[in-house]
Amino acid sequence: MQHATFVVTHDRDERLPKPLARYEEDTHAWALEQADLLKAGHFADLDLINLADEVADVGRREYDKLESDLARVIQHLLKWDCQPDRRSRSWVNTVEEHRRRVARHLDQNPSLKGRRDEALSEAFLRGRGDASIETELPMAIFPVDVPYTWDQVMTRPIAWPEP
0 MQHATFVVTH
10 DRDERLPKPL
20 ARYEEDTHAW
30 ALEQADLLKA
40 GHFADLDLIN
50 LADEVADVGR
60 REYDKLESDL
70 ARVIQHLLKW
80 DCQPDRRSRS
90 WVNTVEEHRR
100 RVARHLDQNP
110 SLKGRRDEAL
120 SEAFLRGRGD
130 ASIETELPMA
140 IFPVDVPYTW
150 DQVMTRPIAW
160 PEP
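Written as structure tokens, this is what we have:
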């Protein structure tokens, strides 16, 4: 038997009976309902198990975003170092853009600064693999261990020569 709960709508102050959205069936509806329940102070009606999992997922997604942007920087630094004859302005632009994203992300999520070394190691594995795929060079061409420090990844000069 499914229980009914009351949800505060965003448009008006009245409360409408509505069946409890099931997380497994419609995550979007469930999330909106959980937000309404929180805002209305109906804590007893919250789906605490799934809500806790979703909150933890937010933290994981923030870390994954950091790692993904670092991987793009590393991928292009590796390409820059291993294929000097194929360097392009787009590689410079990609490095600069993803460095800005990393810096902004760390400013918005300062607790991630304590995980920089971990993120750098994981991002290197991903960036190395992506560089190999994109360049069609064998993995053996690329270093096995992270060849860059955090500061090098974030600030090493990489510029396209001006004419």
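Heads up, the final residue of the sequence shown is numbered 162 in numbering that gives the first Met the number 0, and it's a clean run with no missing numbers.
Glycine included, every Cβ here is placed at the ideal spot set by N, Cα and C.
TODO: Taking Trp149 as the reference, give the member of Ala70, Arg60, Arg21, Gly58 with the closest Cα.
DONE: Put simply, of Ala70, Arg60, Arg21, Gly58 the residue whose alpha carbon is nearest the alpha carbon of Trp149 is Ala70.
Task: Distance between Leu50 and Glu32 (C-alpha atoms, nearest Å) - done: Between Glu32 and Leu50, the C-alpha separation is close to 11 Å.
Task: Residue closest to Ile140, alpha-carbon to alpha-carbon, out of Arg60, Val54, Val91, Lys78 - done: Among Arg60, Val54, Val91, Lys78, the Cα nearest to that of Ile140 is on Lys78.
Open item on the list: Please report the straight-line C-alpha distance between His75 and Arg59, rounded to a whole angstrom.
Closed with: Rounded to the nearest angstrom, the gap between the Cα atoms of His75 and Arg59 is 25 Å.
Task: Status (buried if at least 16 other CB within 10 Å, exposed otherwise) for Ile132 - done: Result: exposed.
- [ ] Grab the span of the alpha helix (DSSP H) containing His27 for me, first residue to last.
- [x] For His27, the enclosing alpha helix (DSSP H) begins and ends at 26 to 39.
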